[in-house]
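Before any comments, here is the structure.
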Amino acid sequence: MDANTQGARQADEIRILGICGSLRRRSYNRMALLAARELMPAGMSMELADLDAIPMYSGDLEAEGFPEPVRQLAARIRDADGLLIASPEYNFSVSGVLKNGIDWLSRLDPQPFRHKPAALLSATQGPVGGARNQYDLRKILGCLEAQVLLRPEVFIGLCHTKFDAGGRLADAPTRKVLGDQMTAFAAWTRCLRGLARP
Ligand SMILES: Cc1cc2nc3c(=O)[nH]c(=O)nc-3n(C[C@H](O)[C@H](O)[C@H](O)COP(=O)(O)O)c2cc1C
948 MDANTQGARQ ADEIRILGIC GSLRRRSYNR MALLAARELM PAGMSMELAD
998 LDAIPMYSGD LEAEGFPEPV RQLAARIRDA DGLLIASPEY NFSVSGVLKN
1048 GIDWLSRLDP QPFRHKPAAL LSATQGPVGG ARNQYDLRKI LGCLEAQVLL
1098 RPEVFIGLCH TKFDAGGRLA DAPTRKVLGD QMTAFAAWTR CLRGLARP
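The numbers in the numbering used here rise by one with no breaks, and the one at position 13 of the sequence shown is 960.
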């Protein structure tokens, strides 16, 4: 492979930041993110970001200066080609942890979600798989001008039956739809490449 070909291949790489809306150590949503990473097509990779260090939003705290974990997360979002958000459903909506993180990030200028390609997935122990939460999350991300992939949608219902004891996604139909989503997300991200960059 000559240097030009190698350069072109690297430019075609897709780097995703994965964000989990659950802080739980054995979170099914984090396991789903890891499964998504395993199923990504060639040329696509993902790092995970944590929301653990983000404090509760307060305008008083903001007036003192943005907390370092918020700045660092914003920089990682800006640097990524796309965002994959795995969100548990709490009381038919988005987890407070995720909404709090988004609220902080939305206050920054430049606002890191603007024009950012994104894809959503959710795992819940209930049968609906977090659909209600995802539609609320779409609304929130729409407010922030993120470009959220429409389909395939991934709702992992009854998730406690779909991962094995080691945390691996064992359910074949779910692996198939998640793999299809990652392929579509790679194409979506490439299609929108450059839009979010200043
Ligand atoms: C406060 C709270 C509210 C919940 N509400 C819902 C809900 O509305 N729908 C649902 O399917 N599961 C609900 N659950 C159960 C979650 O689906 C389950 O705890 C899931 O494992 C959370 O995701 P995690 O494994 O990534 O932490 C709720 C759990 C908590 C703690």
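The beta-carbon is built from N, C-alpha and C at its ideal position, and this holds for glycine as well. Here the structure is a predicted model, which means the values were calculated and not measured.
- Distance from the CA atom of Leu-1020 to the CA atom of Ala-996, rounded to whole angstroms, is 7 Å.
- Counting of Cβ neighbours within 10 angstroms places Arg-1115 among the exposed residues, the total staying below 16.
- For Pro-988 against Ala-1133, the beta-carbon gap comes to about 5 Å, under 8 Å, which counts as contact.
- Using a Cβ-Cβ distance cut-off of 8 Å, the segment 1067 to 1076 and the segment 1021 to 1041 are in contact, since at least three pairs of beta carbons, one from each stretch, lie closer than that value.
- Going by C-alpha positions, Leu-1139 is about 14 Å away from Leu-1097.
- Closest in C-alpha terms to Gly-990, from the list Asp-1028, Gln-1081, Pro-1014, comes Asp-1028.
- The C-beta separation of Leu-1125 from Ala-983 comes to about 6 Å, placing the pair in contact by the 8 Å criterion.
- In this structure, Asp-1056 sits away from Tyr-1004, with a CB-CB distance that is not shorter than 9 Å.
- Inclusion of Gln-1058 and Leu-1091 in the CB contact set at 9 Å is warranted, their separation being smaller than that value.
- Taking the Cα positions, Glu-994 is about 25 Å away from Pro-1120.
- Here Arg-1079 has Glu-1036, Phe-1039, Ser-1040 as same chain residues with Cβ atoms under 8 Å from its own Cβ, once five neighbours each way along the sequence are excluded.
- In chain order, Leu-1067, Ser-1069 place their CB closer than 6 Å to the CB of Gln-1081, counting only its own chain and leaving out the 5 sequence neighbours on each side.
- Under the three-state reduction of DSSP output, Ser-1053 falls in the helix class.
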